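**Q** Residues in the sequence shown are numbered consecutively from 90, following our numbering.
Glycine included, C-beta positions come from ideal geometry on N, C-alpha and C.
Just so you know, these numbers come straight off a predicted model, no measurement behind them.
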Amino acid sequence: MLVFEHKALYGRKEEIGDGEHVLPLGQARTVRAGGDVTLVGLSITVGICLAAAEQLAADGIAAEVLDLRTLVPLDAAAVLASVRRTGRLVIVEENPGQLGWGAAIAAIAAGEAFGDLAAPVARVSGGNVPLPVAASLEAEVDVSPARVVAASHAVLSHGRQESGAGQREG
């Protein structure tokens, strides 16, 4: 078994309860419930999804945040169940968009939940370039809550421009 850790998470501190902490392999976790759009993340991008969900909540949008926790085995059923609830999917990964794990999630959603999708699947990923050394350039290719919020608004507004339909109630 291989375990990959994100070095940016080493400095994070969180409260944990007493007792044993065993994460089941192949079981995604719904970190935040919502009914308007599904945000799927892994590792450090879960926090980015949560930050974006907070910003979306200020706009009256309830984003469901799903933490995949593992890629192999992959809990595709959890992704599909969330997509069936929300009808919209935004996949958030740090990898370059070409050939990242997000492409596999998008293919699963398109193949198995096409009828449940109200908009095309959106992917927010790192740039398809080597990671720049300059911090200002790195910020241009990094995944951010602002990029996730923009992608979420795009999938939520899909189809509204052409027909004028789909006005949110609430």
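Do you know offhand how far A240's Cα is from V179's?
**A** 7 Å
**Q** Would DSSP call P234 helix, strand or coil?
**A** helix
**Q** Does the distance from the CB of P185 to the CB of S214 come in under 8 Å?
**A** yes
**Q** State yes or no: is the C-beta of L157 within less than 8 Å of the C-beta of L131?
**A** At a Cβ-Cβ threshold of 8 Å, L157 and L131 count as neighbours.
**Q** For the alpha helix (DSSP H) containing G130, name the first residue and the last one.
**A** That residue, G130, is in no alpha helix (DSSP H); its beta strand (DSSP E) goes V126 to G130.
**Q** Taking the CB atoms as reference points, tell me whether E153 and G106 lie closer together than 8 Å.
**A** no
**Q** Ignoring anything shorter than 4 residues, give me the alpha helix (DSSP H) runs that lie fully in the region 139-192, in order along the chain.
**A** 165-175
**Q** Which of the three DSSP states, helix, strand or coil, is assigned to V218?
**A** coil
**Q** Three or more C-beta pairs closer than 8 Å, one from the region 189-205 and one from the region 227-236: is that the case here?
**A** no
**Q** Rounded to the nearest angstrom, what separates D164 and P113 at their Cα positions?
**A** 11 Å
**Q** Under 8 Å between the Cβ atoms of A117 and V168?
**A** Closer than 8 Å, so yes.
**Q** Does V213 come out as helix, strand or coil in the three-state DSSP assignment?
**A** strand
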